[in-house]
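Undergrad: Protein chains in written order, with this note's numbering: chain C, 33 to 391; chain D, 33 to 391.
So this is what it looks like as structure tokens:
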């Protein structure tokens with residue numbers, strides 16, 4: 033009898049463990065690169081999902097133009113590993129961040145996003161420290177009400193401010209349209225583009241984003257690149273959104289059933305400190321591949337509460353199960369390392385080097 | 033003009049930053065030690081909240097009998113720092129865990145919990161590796177439907193199994209009653225106690241738990257100790273539960289407002305990867321001390337969405353605010369270090385050494 037992969041993972045690493053299937057990872061990389069190639073735009077994957085320079089280099093090797101980071105600390109890890117052409121898709125401000133951004137710019141070509149004048153007022157400090165110009169894109173809100181200016185007029189005004197700031201180069205626009213918001217995004221962008229052109233400015237980057245926007249990629253006329261993040265591993269949310277199939281889900285959390293104190297319930301050794309309470313708008317906190325009708329109903333910090341009431345199959349204490357998490361990006365961030373497998377073979381581990389880089 | 037603490041934190045560490053007021057930490061330690069002393073029971077604080085051997089030693093120095101850990105990896109960190117008398121309040125099983133538990137037992141006096149025969153069947157492997165007996169308490173469910181046997185009869189049967197297992201010593205019972213469940217817990221315990229006594233067994237540990245059980249501590253006749261966790265820092269949940277006042281909240285997340293794209297909204301640089309989506313049953317994801325009417329309404333991974341619609345005061349981009357999180361235990365686990373302050377002075381940083389010890 034051969035030892036199952038679950039038994040090997042449990043024996044060598046213990047549970048809960050984060051496991052990625054490298055065949056699926058490579059297939060996801062190739063699939064999304066082809067989507068970008070076919071759409072005639074560059075691929076700038078968001079590393080927030082995997083937080084690993086090794087995986088980022090695989091994405092670049094396959095054709096990605098550069099990478100996207102959300103936090104400066106993530107970008108520092110990537111640049112230290114030799115990765116160049118980094119977009120930090122976030123408003124950075126304050127002296128501590130500017131000192132680090134200046135040092136980062138000395139190592140790598142960096143572009144940052146800005147949606148307000150306070151940020152644009154701070155960024156020249158980083159450029160001065162680096163001794164070279166910093167590229168800045170204007171973040172535009174096109175429906176999410178997150179960061180990003182709300183109107184083309186504001187976008188044009190900020191572009192003008194950037195262009196007038198010593199040490200800054202206006203680099204273009206960053207958008208993150210909702211799945212249904214692309215016509216509105218086009219209208220916003222066209223107006224902003226006309227405005228900056230009237231000022232004699234020309235965007236070199238027009239960046240769209242989001243794995244759930246798979247089917248929209250390339251549909252914004254004038255876009256130069258797309259930021260895919262979650263596609264590298266996929267999850268229950270991406271399957272629900274139609275952006276991935278279960279076969280595209282490359283990551284599982286391996287967890288042990290540690291208690292079965294009642295006939296219709298059980299406890300996993302993966303709680304909110306492992307799977308996180310991020311529902312992603314779905315019912316339950318993950319799909320258990322061995323028991324798809326079992327529900328991860330709620331959490332304590334180190335307990336996952338299994339509701340087995342509707343499940344015909346019920347695990348025993350000691351069983352190791354594989355979970356496809358609801359939102360993979362936040363789950364990866366809870367682990368120090370990921371175990372790489374191909375089929376039933378363990379290849380090794382990869383540090384999640386930018387894990388917990390909150391600053 | 034003196035530099036404010038927020039400005040100093042932002043300058044020296046950047047945001048988001050985790051900050052604890054050591055005066056309050058010390059006051060919380062003294063207060064809860066007194067509660068236990070007055071109740072005539074031992075204090076066995078749960079380190080899941082702070083995950084720091086330094087803080088654990090402060091608790092022991094103040095009179096705690098030992099500590100509680102939820103995960104083996106937490107206990108390893110604590111034992112490596114020289115802490116003895118560790119209760120691991122969790123079902124441990126499998127060869128990988130048994131090898132580590134055996135090694136841990138060689139360094140420290142360890143007690144583990146068990147609620148089923150599979151776990152009790154594995155534990156002798158650890159004891160054999162350690163070359164000495166392992167103390168095992170039976171976990172009893174008294175209303176939470178988490179781990180723990182559901183009936184006194186099962187508890188008695190497991191006590192018998194433990195006592196009959198080579199290398200294991202029956203050490204007693206572990207309970208985690210709900211705030212209103214103490215009379216039921218007493219009934220359960222009395223029956224279990226009579227049963228084990230009839231077998232010639234006597235519990236040396238009868239452990240109750242939970243900071244929200246503050247007012248119940250000592251009310252279980254026969255209890256020998258209580259496991260307080262969250263009290264070390266407290267949070268919005270503990271204030272809501274009446275177990276702490278705002279002045280007892282020793283931990284703040286310092287966060288910068290990075291965007292104010294609309295008049296009634298803003299973005300904090302603390303999202304779900306910082307504050308976590310754990311609501312703790314409350315509305316919003318934390319109290320902003322400077323703007324108590326502002327609501328942290330939702331999250332993206334690195335964005336906290338501020339709803340300012342009902343707030344008379346509204347922060348500007350660049351403002352640093354202090355947040356009392358809903359559930360402090362899960363937030364501490366997102367950071368590598370905590371900044372210690374006294375009043376307006378920064379003392380230094382403390383690594384969150386057992387952070388992310390999921391196994």
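Note that beta-carbon positions come from the ideal geometry of N, C-alpha and C, so glycine has one too. Computed from a prediction, not measured in an experiment: that's the story for all the values here.
1. In this structure, what does DSSP give as the bridge partners for residue 211 (chain C)?
2. Which two residues bound the contiguous alpha helix (DSSP H) that contains residue 193 (chain C)?
3. Give a yes or no on whether the minimum CB-CB distance between residue 266 (chain C) and chain D is below 8 Å.
4. Return the first residue and the last residue of the beta strand (DSSP E) that residue 292 (chain C) is part of.
5. Thinking C-alpha only, which one of D:334, D:156, D:172 is nearest residue 194 (chain D)?
6. Shorter than 8 Å from the beta carbon of residue 386 (chain C) to some beta carbon of chain D?
7. Closest Cβ-Cβ distance between residue 337 (chain C) and chain D: below 8 Å?
8. Candidates C:260, C:256, C:253, C:254: which alpha carbon is nearest residue 246 (chain C)'s?
9. Which chain C residues sit within Cβ distance under 8 Å of residue 332 (chain D)?
10. Kindly provide the ranges of any alpha helix (DSSP H) runs that are 4 or more residues long and lie completely inside the segment 212-259 of chain C, ordered along the chain.
11. Note down the Cα distance separating residue 41 (chain C) from residue 129 (chain D), rounded to an integer number of angstroms.
12. One question on the structure: do residue 362 (chain C) and residue 305 (chain D) come within less than 8 Å of each other, judged by their Cβ atoms?
13. Return yes when the Cβ of residue 75 (chain C) is within less than 8 Å of the Cβ of residue 263 (chain C), no when it is not.
14. Can you name the residues of chain C whose CB is closer than 9 Å to the CB of residue 126 (chain D)?
15. Looking only at C-alpha atoms, which of D:289, D:347, D:346, D:285 sits nearest to residue 318 (chain D)?
16. Inspect the beta-carbon positions of residue 250 (chain D) and residue 73 (chain D) and report whether they are closer than 8 Å.
17. So, is the C-beta of residue 137 (chain D) closer than 8 Å to a C-beta in chain C?
18. State the start and end residues of the unbroken alpha helix (DSSP H) segment that holds residue 150 (chain C).
19. With H, G and I counted as helix, E and B as strand and the rest as coil, what does DSSP make of residue 126 (chain D)?
20. Return the first residue and the last residue of the alpha helix (DSSP H) that residue 59 (chain C) is part of.
21. Relative to the alpha-carbon of residue 209 (chain C), which residue among C:299, C:119, C:252, C:91 has its alpha-carbon at the smallest distance?
22. Measuring alpha carbon to alpha carbon, tell me which of D:331, D:198, D:185, D:350 ends up nearest residue 127 (chain C).
23. Between residue 33 (chain D) and chain C, is the shortest Cβ-Cβ distance under 8 Å, so that the two count as touching?
24. Excluding the five sequence neighbours on either side, which residues of its own chain have a C-beta within less than 6 Å of the C-beta of residue 55 (chain C), listed in chain order?
25. Measuring CB to CB, does residue 233 (chain C) end up less than 8 Å from residue 187 (chain C)?
26. Going by other Cβ atoms of all chains shown within 10 Å of its Cβ, with 16 needed for buried, is residue 33 (chain D) buried or exposed?
27. Using a Cβ cut-off of 7 Å, pull out every chain C residue sitting near residue 36 (chain D), in sequence order please.
28. Hey, would you say residue 235 (chain C) sits closer than 8 Å to residue 273 (chain C), going by beta carbons?
29. Exposed or buried, residue 239 (chain D), counting other C-beta atoms within 10 Å across all chains shown (16 or more means buried)?
30. Which residue comes first and which comes last in the alpha helix (DSSP H) that contains residue 111 (chain C)?
31. Check this for me: beta carbons of residue 367 (chain D) and residue 387 (chain D), under 8 Å apart or not?
32. Return no unless some Cβ of chain D is closer than 8 Å to the Cβ of residue 220 (chain C).
33. Just to confirm the assignment, what range does the alpha helix (DSSP H) spanning residue 354 (chain C) have?
34. How many Å lie between residue 331 (chain D) and residue 343 (chain D) at the Cα?
35. Using a Cβ-Cβ distance under 8 Å, would residue 367 (chain D) count as near chain C?
TA: Well, looking at it:
1. Per DSSP, none; premise fails for residue 211 (chain C).
2. 184-196
3. no
4. 283-294
5. D:156
6. no
7. yes
8. C:260
9. 178
10. 214-230
11. 12 Å
12. yes
13. no
14. 42, 43, 46, 47, 288, 350, 352
15. D:285
16. yes
17. no
18. 149-162
19. coil
20. 54-71
21. C:252
22. D:350
23. Note that residue 33 (chain D) scores 48 on pLDDT, short of 50, meaning its location in the model is unreliable; the coordinates nonetheless yield the value given after this. Not closer than 8 Å to any Cβ of chain C, the Cβ of residue 33 (chain D) fails to qualify, so no.
24. 374
25. no
26. The pLDDT assigned to residue 33 (chain D) is 48, lower than 50, so where the model puts this residue is not dependable, and the model offers no usable value.
27. Within 7 Å Cβ-Cβ: nothing; residue 36 (chain D) doesn't reach chain C, min ~14 Å.
28. no
29. buried
30. 104-112
31. yes
32. no
33. Careful: residue 354 (chain C) lies outside any alpha helix (DSSP H), inside the beta strand (DSSP E) at 352-356.
34. 19 Å
35. yes
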